[in-house]
Amino acid sequence: MGNASPFDVIWFDDSKKDKVADAKIYQPALEMTAKLIAGFESPLGMEVLATLDWLLHKEGISPERNAVRMGLDAWAGGQKAAERKQRLFDDRLIELALQRLSSYKAPSTRCIA
Numbered sequence: 070m071g072n073a074s075p076f077d078v079i080w081f082d083d084s085k086k087d088k089v090a091d092a093k094i095y096q097p098a099l100e101m102t103a104k105l106i107a108g109f110e111s112p113l114g115m116e117v118l119a120t121l122d123w124l125l126h127k128e129g130i131s132p133e134r135n136a137v138r139m140g141l142d143a144w145a146g147g148q149k150a151a152e153r154k155q156r157l158f159d160d161r162l163i164e165l166a167l168q169r170l171s172s173y174k175a176p177s178t179r180c181i182a
């Protein structure tokens, strides 16, 4: 685990799937979540989705790249975290995450973060 990078994929262990078989009521939420994070399974991908979701739904940031950049500058986690996110989240990644979040139709307006 100590050698993990932000770009490593987080794999689901299919052999353990039967342990959650009794939780059928959660299946729709699990399937929606799987669709949302498809292609964003790395720690970096998960962080960008969660961060942008937070900015859009909790901070009221407009779903535009420049607004996201401004939101990252004012990140509540502090200046060091803000600088790290600005460095890791290039414009292409921000645009991809914004597209994914805008295409995701959740049954409620509650944020994922």
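Sequential numbering from 70 applies to the sequence shown in our numbering.
Here a beta-carbon is modelled for each residue, glycine too, at the ideal position from N, C-alpha and C.
- Task: Below 8 Å on the Cβ atoms is my guess for PRO75 versus LEU118; work out the distance and round it to an integer in Å.
- Result: Looking up residue 75 in the sequence shown gives position 6. Looking up residue 118 in the sequence shown gives position 49. Actually they do not touch by this definition, with Cβ atoms about 13 Å apart.
- Pair within 8 Å by beta-carbon distance, ASP159 and ARG134: Walking along the sequence shown from the start, residue 159 turns up at place 90. Walking along the sequence shown from the start, residue 134 turns up at place 65. Judged by beta-carbon spacing, ARG134 lies beyond the 8 Å limit of ASP159, meaning their Cβ atoms are not closer than that value.
- Task: Kindly confirm or deny that the segment 135-143 and the segment 94-111 touch, where touching means at least three C-beta pairs closer than 8 Å.
- Result: no
- Just mark PRO97 as buried or exposed, buried being the case when its beta carbon has 16 or more other beta carbons within 10 Å. Taking the sequence shown and counting its residues from 1, one reaches residue 97 at position 28. Burial call: exposed.
- Item | Alpha carbon of LEU99 to alpha carbon of ALA150, nearest angstrom | Here residue 99 refers to the residue found at position 30 when the sequence shown is read from its first residue. Here residue 150 refers to the residue found at position 81 when the sequence shown is read from its first residue. LEU99 and ALA150: Cα-Cα distance of roughly 29 Å.
- Message: Less than 8 Å between the C-beta atoms of LEU124 and ALA166, yes or no?
- Response: Taking the first residue of the sequence shown as position 1, residue 124 is located at position 55. Taking the first residue of the sequence shown as position 1, residue 166 is located at position 97. It is not a contact, given that the beta carbons lie outside the stated cut-off.
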